[in-house]
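Numbering (the working numbering), first residue to last: 207 to 615.
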């Protein structure tokens, strides 16, 4: 009875979308179609209707799990979830292929894109009431041999603080002090790493260290950064709609940011030709900027920047000249086999053409060039307590004596 009622109401909502926004009317329709039904059963049907018409259907229960970052569907009966330990299979009944296809189509259409036999793959973004965003990719059969595929990335706004990262083992306390000094000295930096490595989390934590008197302008593809800072302006790019109009590019927003009296310009993720506009902005007096970049190691950064700059029409020589003057430091995040996210390396971009040098690693500690870097930040000549924050972490005096001040016993 309830399944039949659910199907009837889904059909009514498809023809009258406003019905989904009127719970009282839905309750009346449920009682009309289901006859004698308990209040508990009515509430259960309302929940299922919400999930099936405005949510992710049976996948909603997976999103409620703490720490979920990815949900993927490889056709009916094959669902996997990543909660920080890699993709794990889960038992979820999504129905048959037609139902999975209907779910994928509804999600993509809700994001303003098109998904059908003529356009069997699409990307979309959805914003949820709980503050999370979903980045969705859908692929229909027959290109998807095993049935409709869905790849859903859960994007939560990054609000973790630097002390939180130290307490959680992501960053050593000594290096956290170094990063504080880097931000204070307005050193431009890029955070790199793979998907889910913690790039955005680290960037948000470092932006919270920017003096409260400064104005931070953030440009993102999807709103993720939420630094604990009193003066942040966030602009979010917009994809073209199903008719191919209405897009607002990252490059366009970067150009607008220059007219907004920014003290620091930040790009949530550098993934295309907007790198040209970012480097231009950083080279026009807007030092202290930052961003994230998909790269697996610090050594890859120059070549990765070359490839992205080419998308924006910038040649190799021009890119290296701009990069050499604009970005100083690269921070590399990695997620280990246990799912723990850690700062793996600190590197410098130097010379023209630019080369990348690792000056600290989680495995090997300080390396050649590290002491010169700390002196540049003013740490070598500073008193021991100068960068200590008694409310966040204890200063490691042996580390300071041996590496930073350069006068080991």
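By construction, the Cβ of each residue, glycine as well, lies at the ideal position given by its N, Cα and C atoms.
Since the structure is predicted, the reported quantities are computational estimates derived from the model, not experimental observations.
#1: Residue 530 and residue 565 - do their beta-carbons sit closer together than 8 Å?
#2: What are the uninterrupted segments assigned as alpha helix (DSSP H) that are 4 or more residues long and contained completely in the region 360-439, given in chain order?
#3: Which class does residue 559 belong to by DSSP, given the choice of helix, strand or coil?
#4: Quick check on the burial criterion: 16 or more other C-beta atoms within 10 angstroms. Buried or exposed for residue 509?
#5: How big is the Cα-Cα spacing for residue 476 and residue 213?
#6: Give me the Cα-Cα distance between residue 389 and residue 540, rounded to the nearest whole angstrom.
#7: Classify residue 454 as helix, strand or coil using the three-state DSSP reduction.
#8: Could you say which of 289, 556, 519 lies nearest to residue 360 if we only look at CA atoms?
#9: From the DSSP output, in three-state form, read off residue 500 for me.
#10: Please classify residue 492 as buried or exposed, where buried requires at least 16 neighbouring CB atoms within 10 angstroms.
#11: Quick one: grab the DSSP three-state call for residue 214.
#12: For residue 549, which three-state DSSP category applies?
#13: Just how far apart, CA to CA, sit residue 211 and residue 239?
#14: How long is the line joining the alpha carbons of residue 374 and residue 230, rounded to whole angstroms?
#15: So the candidates are 452, 425, 448; which of them puts its Cα closest to the Cα of residue 440?
#16: Which residues bound the alpha helix (DSSP H) around residue 483?
#17: Could you pull out every unbroken alpha helix (DSSP H) segment of at least 4 residues lying fully inside the region 289-325, listed in chain order?
#18: Drop a sphere of 10 angstroms on the beta-carbon of residue 280, count the other beta-carbons inside from all chains shown, and report buried for 16 or more, exposed for fewer.
#19: Going by the CB atoms, is the gap between residue 400 and residue 430 shorter than 8 Å?
#20: Quick one: Cα of residue 355 to Cα of residue 275, how far?
#21: Using the Cα positions of residue 299 and residue 285, report the straight-line distance between them to the nearest angstrom.
#22: Given a cut-off of 8 Å, decide if residue 315 and residue 329 are closer than it, judged by their beta-carbon atoms.
#23: Please list the terminal residues of the continuous beta strand (DSSP E) segment that includes residue 515.
#24: Considering only their Cβ atoms, is the gap separating residue 321 from residue 346 smaller than 8 Å?
#25: DSSP three-state call for residue 332: helix, strand or coil?
#26: Would you call residue 215 buried or exposed, if buried means 16 or more other Cβ atoms sit within 10 Å of its Cβ?
#27: Where DSSP assigns a beta bridge to residue 476, which residues make up the other side?
#28: If I'm right that residue 365 touches residue 410 with Cβ under 8 Å, what's the distance once you round it to whole angstroms?
#29: Leaving aside the five residues before and after residue 293 along the sequence, list all residues of the same chain whose C-beta is less than 8 Å from its C-beta, in chain order.
#30: Quick check on residue 263: does DSSP put it in helix, strand or coil?
#31: Alpha carbon to alpha carbon, what distance is there between residue 506 and residue 246?
#32: Is the beta carbon of residue 371 less than 8 Å from the beta carbon of residue 413?
#33: Using 10 angstroms around the beta-carbon of residue 600, count the other beta-carbons present and answer buried if the total reaches 16, otherwise exposed.
#34: Take residue 405 and list the residues in its own chain whose beta-carbon comes closer than 6 Å to its own, dropping the five residues that flank it on each side.
#35: Over the uninterrupted beta strand (DSSP E) stretch that includes residue 492, give me the two end residues.
#36: When you compare each of 358, 557, 379 to residue 367 by their alpha carbons, which one comes out closest?
Taking the coordinates as given:
#1: no
#2: Listed in chain order, the alpha helix (DSSP H) elements of length 4 or more contained wholly in the region 360-439 are 368-373, 379-390, 405-413.
#3: coil
#4: exposed
#5: Between residue 476 and residue 213, the C-alpha separation is close to 44 Å.
#6: 21 Å
#7: strand
#8: 289
#9: strand
#10: buried
#11: The answer is helix: DSSP assigns residue 214 an H, G or I state.
#12: In this structure, DSSP gives residue 549 an extended state, which the three-state scheme calls strand.
#13: A direct Cα-to-Cα measurement between residue 211 and residue 239 gives close to 6 Å.
#14: 46 Å
#15: 425
#16: 480-488
#17: Taken in chain order, the whole alpha helix (DSSP H) runs of length 4 or more contained in the region 289-325 are 303-316.
#18: buried
#19: no
#20: 17 Å
#21: 9 Å
#22: no
#23: Residue 515 -> not in any beta strand (DSSP E); alpha helix (DSSP H) instead, spanning 507-517.
#24: For residue 346 and residue 321, yes; Cβs fall inside 8 Å.
#25: strand
#26: Burial call: buried.
#27: Checking the DSSP bridge columns, you'll see residue 476 partnered with 499.
#28: 7 Å
#29: 276, 278, 286, 287
#30: helix
#31: 57 Å
#32: no
#33: Low per-residue confidence applies at residue 600: pLDDT is 34, beneath 50, and the placement is therefore not dependable enough to give any value.
#34: 397, 399, 498, 539
#35: Note, residue 492: premise wrong, no beta strand (DSSP E); not H, not E.
#36: 379
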